[in-house]
Amino acid sequence: MRDAAGADIAFWPAGIIRDDFSGSDLSRMVDIPGDILVVSELSGKQIKAALDRSISLYPSANDAFLYLSGVEVRFKRELDPAKRVVSIKVGGSPLDLSRKYKVALPMSLARGGYGYFTVWDKKAIVHELEGVAVESLLKGKTSVKQTDRWTLIDDESGV
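When the letters of the sequence shown are read in order and numbered with my numbering, they come out as residues 8 to 166.
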């Protein structure tokens with residue numbers, strides 16, 4: 008999604024993933040197959056707020072949990088649930104809270120779904136990839152294990 012949209016970051020909410028997904032074709036995991044891909048312009052401050060929201064219920068299941076691309080996050084479970092994120096890197100560099108970033112995401116999320124209306128709204132959308140359903144981007148693609156995007160930091164060890 009990030010590459011197809013030419014974005015810095017991509018967000019994918021857990022609530023869009025089908026509970027009964029099994030297999031290698033990622034297009035079958037999409038619960039809303041016609042959801043189109045969009046690019047929103049979000050500030051670093053909004054991205055930080057979104058990531059804090061995403062991890063706020065950890066370790067419980069959460070439809071608003073965000074799967075990430077282009078972002079690495081370190082967090083501590085012991086902190087206030089709304090402020091667990093302690094470090095964010097975008098493309099290997101620290102997140103700049105005042106900078107605007109291009110974020111690829113499904114339209115349902117870009118419109119504030121899963122409670123993200125408290126962080127952004129549809130006015131942040133700067134580009135719709137017309138006719139590009141998220142399902143079509145994933146057709147025939149398989150999961151590849153990459154580096155962890157979310158890292159839990161243990162207070163004692165720092166890792």
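Each residue gets a CB set at the ideal place from its N, CA and C atoms; glycine is no exception. These figures come from a predicted structure and were not determined experimentally.
* Asked: Roughly how many angstroms separate the alpha carbons of Arg117 and Asp59, rounded to a whole number?
  -> Walking along the sequence shown from the start, residue 117 turns up at place 110. Walking along the sequence shown from the start, residue 59 turns up at place 52. According to the sequence displayed, residue 117 carries Ala and not Arg. Cα-Cα distance, rounded: 17 Å.
* Quick one: using the 10 Å Cβ neighbour count with 16 as the cut-off for buried, is Glu142 buried or exposed? => Position 135 of the sequence shown holds residue 142. Glu142 is buried by the Cβ-count criterion.
* Where does Tyr74 sit, in a helix, a strand or coil, going by DSSP? -> On the sequence shown, residue 74 is found 67 positions in, with the first residue counted as 1. Under the three-state reduction of DSSP output, Tyr74 falls in the strand class.
* Asked: Where are the beta strand (DSSP E) runs, 3 residues long or more, that stay fully inside the region 51 to 100, in chain order?
  -> 73 to 76, 78 to 82, 92 to 97
* To do: Excluding the 5 residues preceding and the 5 following Ala140 in the sequence, name in chain order all residues of the same chain whose CB lies nearer than 6 Å to its CB.
  => The residue labelled residue 140 in the question sits at position 133 within the sequence shown. If we look at Ala140 and ignore the five residues flanking it on each side, its Cβ neighbours are Gly41, Ile43.
* Asked: Should Pro88 go down as buried or exposed, given a rule of 16 or more other Cβ atoms within 10 Å for buried?
  -> The residue you call residue 88 lines up with position 81 of the sequence shown. Its Cβ having fewer than 16 others within 10 Å, Pro88 is exposed.
* Asked: Helix or strand or just coil, what does DSSP make of Ser164?
  -> Here residue 164 is taken as the residue at index 157 of the sequence shown, counted from 1. Residue confidence is low: Ser164 scores 49 on pLDDT, short of 50, so the model does not pin down where it sits. Its coordinate-derived value is still stated next. Judged by DSSP in its simplified three-state form, Ser164 adopts coil rather than helix or strand.
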